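Asker:
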Amino acid sequence: MAKNLFVVNSPLHLMSAFILANSKFVKDENYLALVHPHGFSKWKECAVMSYMASTEGGFKEVFSLVEKINTQQAKYIKEKMTPLQFDEAFVGSDVNVADQLLLSALDMKHFYRLDDGMWSYYNEDRKRPYHKAKFHEMQIKLAAMTFGISSDFPINTIALGENKAGLGDYLFMPQLLKRKSPKVFDIDRSMIQTAMNKLAKAGLLEQELYDYDYTVFLSQPIIPDAVEKQYLANLMKDLPENKKVIYKPHPNEKDEKIDYVKKNYPEIIINDSKLPIEIILTKEPCIKEVVSYQTTTLIIAEKVTGRKIKCVSLANPNGANKNNAYIGLMKKTGVEFVGE
């Protein structure tokens, strides 16, 4: 029986870890480290998120490292985590400084990557210049020494997927991978279904939306305000009586965007939960369409839910961005584009 450590920084990471811990690695001892998670203050408000990040959710122990790595946390890791001597680690981001410092403090020799969204599949345009990457690496190693962390674990400051200690990638859509990987593993439908069944048995996937067909608009900070406003105006102007719209803001979205929607379209439902949209789609079969710009959900929605969902992107008006690699990823999965 192996001891596995899952290191997560985001709701997507947590969903991936929960799926693997309750399917492929269910017979192992699985531990969870919450490392400076995005929007963590609101995770506790969500029953599903709380469950997935708990011992009831399938983890033998959960380690809370919600603050940035410092001397005190390094001591906590040494005293509470190092004695467990983990066999394998599964990490959401191998370019995240805190994740790498954690693996260094645990003296891990290798790890596997979890799906981190679009950036997991293509990273060429994200790579930093050599001199900047090297300088940042030296800064991190100096910080590690300050925290009492001594390890030969390689530090990656280039781009996601570039840490040399990575043994492979667990991905929702492995066929889309456009960067090098030592080995690729499929988070397949049976694994996903097993994990969703566990949530259902815990009473956490109760359907709440009825009577209408729903379109979910996933806002993103990268969507130009004018593009979002124009699309919402067109959508609401021609919206049939049997349809409703849900607006789900990005965790880092500007308050001004949300306030604009509330003021101009009070009939739109605002969903600002931290629950991964893929789980919302799973439990709400009346959601028929997802609209966004350039987000992971558009390429994995059907895989996670196991049903047909219309996925639409605003990222390629009139084919203007056709050479963008992420547009290519979306096209391979059947995403439709507004303006084409």
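Under our numbering, the residue at position 204 of the sequence shown is numbered 925, and the numbers go up by one with no gaps.
For every residue, glycine included, the Cβ atom is placed at its ideal position computed from N, Cα and C.
These figures come from a predicted structure and were not determined experimentally.
Using 10 angstroms around the beta-carbon of H852, count the other beta-carbons present and answer buried if the total reaches 16, otherwise exposed.
Answerer: Within the sequence shown, the letter at position 131 stands for residue 852. Flag for H852 reads exposed.
Asker: Evaluate contact between the region 794 to 810 and the region 826 to 843, counting only Cβ atoms and requiring at least three cross-stretch pairs below 8 Å.
Answerer: Enough Cβ pairs lie closer than 8 Å, so yes.
Asker: Among the candidates L898, Y1014, I1001, whose CA atom is the shortest distance from the CA of I943?
Answerer: The sequence position of residue 943 within the sequence shown is 222, counting from 1. Checked all of L898, Y1014, I1001; the closest Cα to I943 is Y1014.
Asker: So, helix, strand or coil for E809, using DSSP?
Answerer: Position 88 of the sequence shown, counting from 1, holds the residue named residue 809. The answer is strand: DSSP assigns E809 an E or B state.
Asker: What do you reckon, are the CB atoms on T915 and N725 nearer than 8 Å?
Answerer: Reading the sequence shown from its first residue, position 194 is the one you call residue 915. Reading the sequence shown from its first residue, position 4 is the one you call residue 725. Not a contact, by the Cβ cut-off of 8 Å.
Asker: By Cβ distance below 8 Å, which residues in the same chain neighbour K950 in space, the five residues on each side in sequence not counted?
Answerer: Mapped onto the sequence shown, residue 950 falls at position 229. For K950, where only same-chain residues beyond five positions count, the Cβ hits under 8 Å are Y981.
Asker: With DSSP run on the structure shown, which of helix, strand or coil describes E988?
Answerer: If you number the sequence shown from 1, residue 988 lands on position 267. It is coil, neither helix nor strand.
Asker: Sorted by chain position, which residues of the same chain lie with C-beta nearer than 6 Å to T1003's C-beta, five sequence neighbours on each side aside?
Answerer: Indexing the sequence shown from 1 puts residue 1003 at position 282. Closer than 6 Å at the Cβ level, and outside the excluded window around T1003, lie M917, T1026.
Asker: What are the boundary residues of the beta strand (DSSP E) that G889 is part of?
Answerer: Walking along the sequence shown from the start, residue 889 turns up at place 168. Note, G889: beta strand (DSSP E), 887 to 892.
Asker: Buried or exposed, going by whether 16 or more other CB atoms sit within 10 Å of the CB of R834?
Answerer: Counted from its first residue, the sequence shown places residue 834 at position 113. The residue in question, R834, is buried, as its Cβ has 16 or more Cβ neighbours within 10 Å.
Asker: From D846 to V747, what distance separates their C-alpha atoms?
Answerer: Position 125 of the sequence shown holds residue 846. Position 26 of the sequence shown holds residue 747. Those two C-alpha atoms are separated by around 37 Å.
Asker: Buried or exposed for C767, going by 16 or more other Cβ atoms inside 10 Å?
Answerer: Reading the sequence shown from its first residue, position 46 is the one you call residue 767. With 16 or more other Cβ atoms within 10 Å, it is buried.
Asker: Among G779, P732, D749, whose alpha-carbon lies nearest the alpha-carbon of K763?
Answerer: Locating residue 763 in the sequence shown gives position 42, where the first residue counts as 1. Among G779, P732, D749, the Cα nearest to that of K763 belongs to P732.
Asker: With which residues is T1008 paired in a DSSP beta bridge?
Answerer: The count along the sequence shown starts at 1 and reaches residue 1008 at position 287. Reading the sequence as shown, one finds Ile at residue 1008 and not Thr. The partner list for I1008 (beta bridge, DSSP) reads Y935.
Asker: Could you check whether the region 879 to 899 touches the region 1049 to 1061, counting it as contact only if at least three pairs of C-beta atoms, one from each stretch, sit closer than 8 Å?
Answerer: Yes, the region 879 to 899 is in contact with the region 1049 to 1061.
Asker: What's the gap between the Cα of S1034 and the Cα of Y952?
Answerer: Mapped onto the sequence shown, residue 1034 falls at position 313. Mapped onto the sequence shown, residue 952 falls at position 231. When rounded, the distance between both Cα atoms is 11 Å.
Asker: Is R834 helix, strand or coil by DSSP?
Answerer: Translated into positions along the sequence shown, residue 834 becomes position 113. Strand, per DSSP.
Asker: Pull up the DSSP beta-bridge partners for Y1047, would you.
Answerer: Looking up residue 1047 in the sequence shown gives position 326. According to DSSP, which records beta bridges pairwise, Y1047 is partnered with nothing at all.
Asker: Go ahead and label S871 buried or exposed: buried means 16 or more other beta carbons lie within 10 angstroms of its beta carbon, across all protein chains shown.
Answerer: Within the sequence shown, residue 871 is the residue found at index 150, counting from 1. That one is exposed.
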